[in-house]
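K.L.:
Quick one: structure below, then a few questions.
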Amino acid sequence: MSLEGSVVHILVVHPGRYSEPGGALDPGLVACTSSLERLGSGVQWEHVRDAERALALCVERRFDLVVADAARGAVCEAILAGIDAGGPPVIVVGEGLSDECALEMFRRGAADCVTLKPDDVEALPIAALEQIERAREVRQRGAAERRIRDLERYTENIIRNMNSALLVVDPDGRITYCNAPAGAILGEDARALRGREVWRWFGGDSATILSQTLANGSSTKGAEQVITREDGVVIPIGISCAPFVDAEGARIGAIAIFQDLSEVKQLQSQVLQTEKMASIGQLAAGVAHEINNPMGFVHANLAQMAEYLADVRSVWERVAELLQSVESQDLATIRKSADALADHVREVDLAYVISDFGKAIRESQEGSERIRHIVQDLREFSHSETGERVLADVNQCLDSTATIVWPMMKQIVNLEKDYEDLDPIACFPMQVKQVFMNLLVNAYQSIESAVGESGEMGTIWLRTRQRSDGVAVEVTDTGVGILEANLDRIFDPFFTTKKVGSGTGLGLSTSFGIVQRHGGRMTVESKLGVGTTFSLFLPTGEDAGGLGGFGGG
Amino acid sequence: MRGGSEASVEAEPAALRRTLLVVDDEVRILSALRRTLRREGYEIVTSESVHRALEILDERPVDVILSDQKMPGMSGLQFLAEAAVRRPGAARLLFTGWTQEIPADALERLGIVALINKPWDDAQLKETLRRACDPDAPPPAVDPANPPGLGG
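Heads up: the sequence lines are chains C and H, in that order. For the record, in the first sequence the residue sitting at position 81 is 321 according to the numbering used here, with numbers rising by one throughout. For the record, in the second sequence the residue sitting at position 126 is 489 according to the numbering used here, with numbers rising by one throughout.
Written as structure tokens, this is what we have:
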């Protein structure tokens with residue numbers, strides 16, 4: 241029998257007097273307390289004589305056990321009624337407890353009933369110890385359960401309050417857990433989703449990431465894909481998947497965290513559109529400049545040719561007059577008409593008019609031919625945008641872009657081309673050209689800043705190389721170069737060193753995005769005062785071989 | 364191809380004739396301007412090269428200078444600044460494509476009397492040149508909604 245060193249507090253409720261000086265000692269009480277003292281030095285007991293006082297003490301202090309004397313049934317009943325399930329256990333003691341009485345006490349919530357007999361002094365301490373330990377166990381279990389409940393509530397709160405959608409699936413892809421944001425993205429109440437198969441949303445291509453995680457336990461971070469809701473709405477999401485592993489290390493499913501990227505995508509496409517407009521602006525400026533000159537002289541020549549025609553017509557009128565006068569056979573009339581004609585021919589400078597008329601026509605033809613060429617270049621530059629990847633020759637993309645921007649830069653730039661024969665790559669040619677145009681215009685502007693109006697020329701080198709898995713392109717200029725501190729930022733959106741109004745600050749970030757969407761890379765090297773090289777790599781493309789089967793390489 | 368600095372002499376009384384120097388690296392523009400202005404009474408001198416044009420300015424008096432802005436070796440603004448040193452009395456005009464922005468203070472500083480956009484309007488060009496030669500002449504009756512190219 242042991243209390244393992246701890247102190248137990250026992251409240252004894254007994255009508256008998258015990259501690260009051262001069263009072264007669266109640267033998268029942270003595271039997272009770274002395275038998276409790278057998279529990280050891282750790283026992284501290286208190287004695288009260290009525291239920292009211294006992295219950296008050298129980299509220300004030302914590303007792304491990306209440307021992308109540310059955311001799312006064314009403315007191316016992318009051319105590320049993322006043323101490324609830326969370327309170328200390330109550331043992332009812334008596335000298336001759338009848339079975340009915342004991343049964344009644346049990347019924348009213350007594351933890352135990354013990355008959356005090358002089359020959360069985362251990363009965364009460366054994367029962368007391370048992371009750372104290374049981375109560376202690378219950379208390380401990382309750383605390384542990386409370387801790388678990390708190391922890392569960394805590395995790396649940398984290399999961400519920402986090403902005404990201406969280407989905408847990410079993411090895412078959414059935415949803416075992418789904419938080420509210422996940423429900424919102426999938427378009428259903430989160431609770432209703434449990435037990436349903438996830439493939440109805442994560443079907444098709446989007447299944448791969450999650451099904452890979454389920455199949456081989458691989459983790460994926462920040463992949464982009466789309467899900468299709470039951471109402472047909474397609475939502476772009478960014479998703480990370482990890483295997484769900486239990487305490488023993490066994491894979492019991494997968495955890496997916498994802499975000500709705502609709503808004504991000506919309507912003508992205510706005511940015512893309514802005515940059516496209518800016519590119520078109522640059523393009524238009526270059527084209528307009530190139531068309532201005534031929535347009536200018538063709539326009540002026542046409543006006544002049546109209547005048548020449550009027551001159552020729554006026555001469556013809558006098559020729560007609562002369563022919564008429566010949567019919568009259570009157571020599572004086574004929575001479576007069578001939579003189580008028582000769583005067584007029586001199587006056588309008590007919591020889592010059594006729595020779596220059598021809599020249600004006602030839603020059604105008606040449607001008608309109610130049611304009612036709614520009615339009616052809618433009619068509620070459622902008623054709624073939626089908627919204628799908630097509631096989632394209634990067635050399636051709638680079639060349640047609642260079643042709644378009646060349647007139648804008650020819651006065652200060654030498655263009656050096658160093659092309660290698662390239663296998664076609666699967667790409668969006670117009671987007672690739674947009675990247676090239678951006679790099680070329682940047683190179684030109686950088687050279688413009690470097691040479692100013694000194695009359696010096698800069699050089700832009702265009703290099704292409706065939707690599708085993710794709711195509712490498714380099715655009716190098718002899719411009720001002722980029723500050724080392726800026727090199728890390730030049731691909732950031734809205735970063736620009738150009739003066740206000742000269743650049744959107746989106747050109748390079750958009751180009752970077754385009755290259756990335758093609759699965760490629762773009763890097764920059766630069767030295768202040770020397771020049772800059774942009775290097776990009778465009779992979780052949782996974783489905784390049786499948787596009788008509790002439791991907792080769 | 365026509366020579367860069369060829370002078371064309373029109374049959375007009377020498378005393379009334381003004382000399383117009385046109386500088387543009389596009390030879391067809393020079394040719395077209397000769398045609399357009401051939402009855403305007405100018406002695407027209409043209410040059411495809413700014414450097415040759417500066418030599419011409421050293422060689423002979425010029426009343427009006429019309430220069431393209433975008434040329435290899437030297438911009439029109441730079442050329443007109445040089446021209447102002449050589450022939451301060453000559454009126455200076457600048458041809459521009461719409462892609463170039465010419466700062467207003469540069470125009471004032473260099474005493475450029477007019478900007479002319481390419482492609483130009485023949486009638487406006489003629490009128491602008493006339494007024495550049497003779498700033499005191501009364502302005503012609505023009506459509507107020509569509510004034511000649513001054514400051515254009």
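All C-beta atoms in this analysis are idealised placements derived from N, C-alpha and C, irrespective of residue type, glycine included. Keep in mind it's a predicted model, so treat the numbers as computed, not measured.
Output needed for C/G457: all residues of its chain with C-beta closer than 7 Å, excluding positions within five of it in sequence on either side, in chain order.
P.N.:
Residue 457 of chain C sits at position 217 when you count from the first residue of the first sequence. Result list for C/G457: P483 and R491, in chain order.
K.L.:
Taking 8 Å as the cut-off, does the segment 561-581 of chain C touch the segment 628-637 of chain C (at least 3 CB pairs, one atom from each stretch)?
P.N.:
Counting Cβ pairs under 8 Å, fewer than three are found: no touch.
K.L.:
What does the alpha-carbon distance come out to for the pair H/S371 and H/E406?
P.N.:
As a first step, residue 371 of chain H must be located in the second sequence, where it is residue number 8. As a first step, residue 406 of chain H must be located in the second sequence, where it is residue number 43. Here the model assigns H/S371 a pLDDT of 45, short of 50, so the residue's position is not dependable, and the following value carries that caveat. For H/S371 and H/E406, the distance between alpha carbons rounds to 6 Å.
K.L.:
In the DSSP assignment, what residue or residues form a beta bridge with C/M762?
P.N.:
Residue numbering aside, residue 762 of chain C sits at position 522 when the first sequence is read from its first letter. DSSP, once it has assigned bridges, lists C/L776 as partnering C/M762.
K.L.:
I need the straight-line Cα distance from H/E445 to H/V390, nearest angstrom please.
P.N.:
The residue you call residue 445 of chain H lines up with position 82 of the second sequence. The residue you call residue 390 of chain H lines up with position 27 of the second sequence. Those two C-alpha atoms are separated by around 22 Å.
K.L.:
Using 8 Å for Cβ pairs, my map puts H/D388 next to H/D431. What's the rounded Cβ distance?
P.N.:
By 1-based counting over the second sequence, the position of residue 388 of chain H is 25. By 1-based counting over the second sequence, the position of residue 431 of chain H is 68. The pair is a contact, with the Cβ atoms about 7 Å apart (cut-off 8 Å).
K.L.:
Does the structure place the segment 763-780 of chain C close enough to the segment 414-432 of chain H that three or more beta carbon pairs sit under 8 Å?
P.N.:
Not touching, per the Cβ criterion.
K.L.:
Can the beta-carbon of C/A310 be found less than 7 Å from the beta-carbon of C/V330?
P.N.:
The sequence position of residue 310 of chain C within the first sequence is 70, counting from 1. The sequence position of residue 330 of chain C within the first sequence is 90, counting from 1. No, they are not a contact pair.
K.L.:
For a contact meaning CB atoms closer than 9 Å, what does H/T399 contact in chain C?
P.N.:
Within the second sequence, residue 399 of chain H is the residue found at index 36, counting from 1. The contacting residues are A540, N541, A543 and Q544.
K.L.:
Counting C-beta neighbours from all protein chains within 10 Å, is the total for C/T763 16 or more, i.e. buried, or is it exposed?
P.N.:
As a working note, residue 763 of chain C is residue 523 in the first sequence. Counting Cβ neighbours within 10 Å, C/T763 comes out exposed, since fewer than 16 surround it.
K.L.:
CA-CA distance, C/R696 and C/I722?
P.N.:
In the first sequence, counting from the first residue as 1, residue 696 of chain C sits at position 456. In the first sequence, counting from the first residue as 1, residue 722 of chain C sits at position 482. Residue identity check: residue 696 of chain C is Glu in the sequence provided, not Arg. Going by the C-alpha atoms only, they are around 20 Å apart.
K.L.:
Look at the alpha carbon of H/R493 and the alpha carbon of C/Q651, and state the distance between them as a whole number of angstroms.
P.N.:
By one-based count along the second sequence, residue 493 of chain H stands at place 130. By one-based count along the first sequence, residue 651 of chain C stands at place 411. Whole-angstrom Cα-Cα distance: 32 Å.
K.L.:
For C/D663, which of helix, strand or coil comes out of DSSP?
P.N.:
For the purposes of this step, residue 663 of chain C is identified with residue 423 of the first sequence, where counting begins at 1. Here C/D663 sits in coil by DSSP.
K.L.:
Tell me, please, whether the CB atom of C/G695 is closer than 7 Å to any CB atom in chain H?
P.N.:
Looking up residue 695 of chain C in the first sequence gives position 455. So yes, C/G695 belongs to the interface.
K.L.:
Select from H/G460, H/A467 and H/E471 the residue whose C-alpha is nearest the C-alpha of H/A454.
P.N.:
Numbered from 1 along the second sequence, position 91 holds the residue referred to as residue 454 of chain H. Nearest option by C-alpha distance: H/E471.
K.L.:
Chain C beta carbons: is any one of them nearer than 7 Å to that of H/D485?
P.N.:
Within the second sequence, residue 485 of chain H is the residue found at index 122, counting from 1. Chain C, which has a Cβ nearer than 7 Å to the Cβ of H/D485, makes this yes.
K.L.:
Which runs of the alpha helix (DSSP H), 4 residues or longer, sit entirely within the segment 383-461 of chain H?
P.N.:
With a minimum length of 4 residues, the continuous alpha helix (DSSP H) runs that stay inside the segment 383-461 of chain H are 390-399, 413-422 and 439-449.
K.L.:
Roughly how many whole angstroms lie between the Cα atoms of C/R707 and C/N682?
P.N.:
The residue given as residue 707 of chain C occupies position 467 in the first sequence. The residue given as residue 682 of chain C occupies position 442 in the first sequence. Near 26 Å, if we compare the C-alpha coordinates of C/N682 and C/R707.
K.L.:
Quick check: what's the CA-CA separation for C/A383 versus C/D390?
P.N.:
What you label residue 383 of chain C is simply residue 143 of the first sequence in a count that begins at 1. What you label residue 390 of chain C is simply residue 150 of the first sequence in a count that begins at 1. Roughly 10 Å between the two C-alpha positions.
K.L.:
Give a yes or no on whether 7 Å exceeds the smallest Cβ distance from H/E493 to chain C.
P.N.:
One-based indexing of the second sequence puts residue 493 of chain H at position 130. Before going on, a small fix: residue 493 of chain H reads as Arg here, not Glu. No, its Cβ sits nowhere closer than 7 Å to a Cβ of chain C.
K.L.:
Does any C-beta atom of chain H lie closer than 7 Å to the C-beta of C/N726?
P.N.:
The residue you call residue 726 of chain C lines up with position 486 of the first sequence. Cβ-Cβ to chain H under 7 Å: no for C/N726.
K.L.:
Kindly indicate the opening and closing residues of the beta strand (DSSP E) around C/W285.
P.N.:
By one-based count along the first sequence, residue 285 of chain C stands at place 45. Where C/W285 is concerned, the enclosing beta strand (DSSP E) stretches over V283 to V288.
K.L.:
Starting from C/T273, follow the beta strand (DSSP E) in both directions and report where the run begins and ends.
P.N.:
Counting from one through the first sequence, the residue named residue 273 of chain C turns up at place 33. Run containing C/T273: none in the beta strand (DSSP E); it sits in the alpha helix (DSSP H), P267 to E277.
K.L.:
I need the straight-line Cα distance from C/G478 to C/P328, nearest angstrom please.
P.N.:
As a working note, residue 478 of chain C is residue 238 in the first sequence. As a working note, residue 328 of chain C is residue 88 in the first sequence. Roughly 56 Å separates the two Cα atoms.
K.L.:
Under 8 Å Cβ-Cβ, which residues of chain C neighbour H/A447?
P.N.:
Position 84 of the second sequence, counted from the start, is the residue given in the question as residue 447 of chain H. Those within 8 Å of H/A447 in chain C number zero; the least Cβ separation is about 16 Å.
K.L.:
For a contact defined as C-beta to C-beta under 7 Å, what are the partners of H/Q441 on chain C?
P.N.:
Along the second sequence, one-based indexing puts residue 441 of chain H at 78. Near H/Q441 (Cβ distances below 7 Å), the residues of chain C are E693.
K.L.:
Output needed in chain order: residues of the segment 566-597 of chain C with a Cβ under 7 Å from some Cβ in chain H.
P.N.:
Of all residues in the segment 566-597 of chain C, D596 have a Cβ within less than 7 Å of some Cβ in chain H.
K.L.:
Mind pulling the chain H residues with CB within less than 8 Å of C/E603?
P.N.:
Along the first sequence, read from residue 1 onward, the residue named residue 603 of chain C stands at position 363. Here the neighbours are R391, S394 and A395.
K.L.:
At which residue ranges does the segment 531-606 of chain C contain complete alpha helix (DSSP H) runs of 4 or more residues, listed in the order of the chain?
P.N.:
Fully enclosed alpha helix (DSSP H) runs of 4 or longer: 571-588.
K.L.:
Going by beta carbon distance, what residues of the same chain come within less than 6 Å of C/M402, once the five residues before and after it are set aside?
P.N.:
The residue you call residue 402 of chain C lines up with position 162 of the first sequence. So the list is empty, once near-sequence residues are dropped.
K.L.:
Grab me the residues of C/A578's own chain with a C-beta within less than 7 Å of its C-beta, minus the 5 sequence neighbours each way, in chain order.
P.N.:
Position 338 of the first sequence, counted from the start, is the residue given in the question as residue 578 of chain C. So the qualifying residues of the chain are L562.
K.L.:
Just checking, does the segment 313-321 of chain C make contact with the segment 373-383 of chain C on the three C-beta pairs under 8 Å criterion?
P.N.:
Short answer: they don't touch.
K.L.:
Mind pulling the chain C residues with CB within less than 9 Å of H/G404?
P.N.:
For the purposes of this step, residue 404 of chain H is taken as residue 41 along the second sequence, with counting starting at 1. Within 9 Å Cβ-Cβ: nothing; H/G404 doesn't reach chain C, min ~14 Å.
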